[in-house]
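One structure is given below, encoded as structure tokens.
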Amino acid sequence: DSGSDQLATKGKLLSLELVRCLLQCAGDVFVGHDRFNECIKQYLCLSLLKNASSILSPTYQLSASIFSLLVEKCRRTLKSQFSVFFPMIFLKPLESNQFQTTKGMITSYDLYSQWVVLFRCLYHLCCNKQVLSDIFVNYDCDLNESNLYERLVAGLVRGVQGG
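Just so we're aligned, residue 1 is where the sequence shown starts under full-length UniProt numbering, counting upward by one.
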């Protein structure tokens, strides 16, 4: 039923927007609380992974925005989750061929919208020198982790060069 699908989508978007607002306004005491971090790990992480793979631009936009806020505010307590989310939400689209064409142009409006959201979120993250340092130290310098910083830089270079 189309009406119930639209209602479910609107409910999902409202829920994501509320989570985003909560994280934007959350102070250090709230973000540093163990119960808050456990709820993020248990409930929000799975929801973000599901919603970040959505082809609906507003859903991807809100999920990417929420993840950016989590990186900014909770990266110390979410290191293992970060190593899953960062590649899935940012690196996978950045490294994929879905944005690449023979002429270097994106022809689909939905793909273009996702590309814009992706680059806005990455721009926001890259403006924070501490986030970049933490990514490099915690992942690229750790022999047991993947090279997220290296993949980020390579993906950005590839994206800027058009393929």
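All C-beta atoms, glycine included, are put in the ideal place defined by N, C-alpha and C.
Exercise. State the DSSP-derived secondary structure class of D142, mapped to helix, strand or coil.
Key: If you number the sequence shown from 1, residue 142 lands on position 142. Of the three classes helix, strand and coil, the one that applies to D142 here is coil, per DSSP.
Quiz item: Which parts of the UniProt domain "Mon2/Sec7/BIG1-like HUS" (7–148) are runs of the alpha helix (DSSP H), unbroken and 4 residues or longer, counting only runs that do not cross its ends?
Solution: 28–31, 34–39, 45–52, 57–74, 79–85, 92–95, 109–126 and 129–135
Exercise. Have a look at F136 and L148 and give me their C-alpha separation to the nearest angstrom.
Key: Residue 136 sits at position 136 when you count from the first residue of the sequence shown. Residue 148 sits at position 148 when you count from the first residue of the sequence shown. Cα-Cα distance, rounded: 7 Å.
Practice problem: Determine, using beta carbons only, whether Q161 comes closer than 9 Å to chain D. | Solution: Annotation note: the requested chain D is absent from the structure, which comprises a single protein chain.
Quiz item: What is the rounded straight-line gap between the Cα of R151 and the Cα of Q114?
Solution: Counted from its first residue, the sequence shown places residue 151 at position 151. Counted from its first residue, the sequence shown places residue 114 at position 114. About 19 Å.
Quiz prompt | Proximity winner among G3, E145, M88 and D140, relative to K50 (alpha-carbon distances) | solution = In the sequence shown, residue 50 corresponds to position 50, counting from 1. Considering only alpha carbons, the answer is M88.
Quiz item: From C126 to N97, what does the alpha carbon distance come to, in whole angstroms?
Solution: Taking the sequence shown and counting its residues from 1, the one referred to as residue 126 is at position 126. Taking the sequence shown and counting its residues from 1, the one referred to as residue 97 is at position 97. Each residue's Cα considered, the two are about 23 Å apart.
Quiz item: Apart from the five residues just before and just after T102, which ones in its own chain have a Cβ nearer than 7 Å to its Cβ?
Solution: Numbered from its first residue, the sequence shown carries residue 102 at position 102. In this prediction, T102 scores a pLDDT of 49, lower than 50, which makes its location untrustworthy; no coordinate-derived value is stated.
Practice problem: Can you tell me the Cβ-Cβ gap for L69 and R20, rounded? I've got them flagged as a contact below 8 Å. | Solution: Locating residue 69 in the sequence shown gives position 69, where the first residue counts as 1. Locating residue 20 in the sequence shown gives position 20, where the first residue counts as 1. Indeed they touch by this definition, with Cβ atoms about 7 Å apart.
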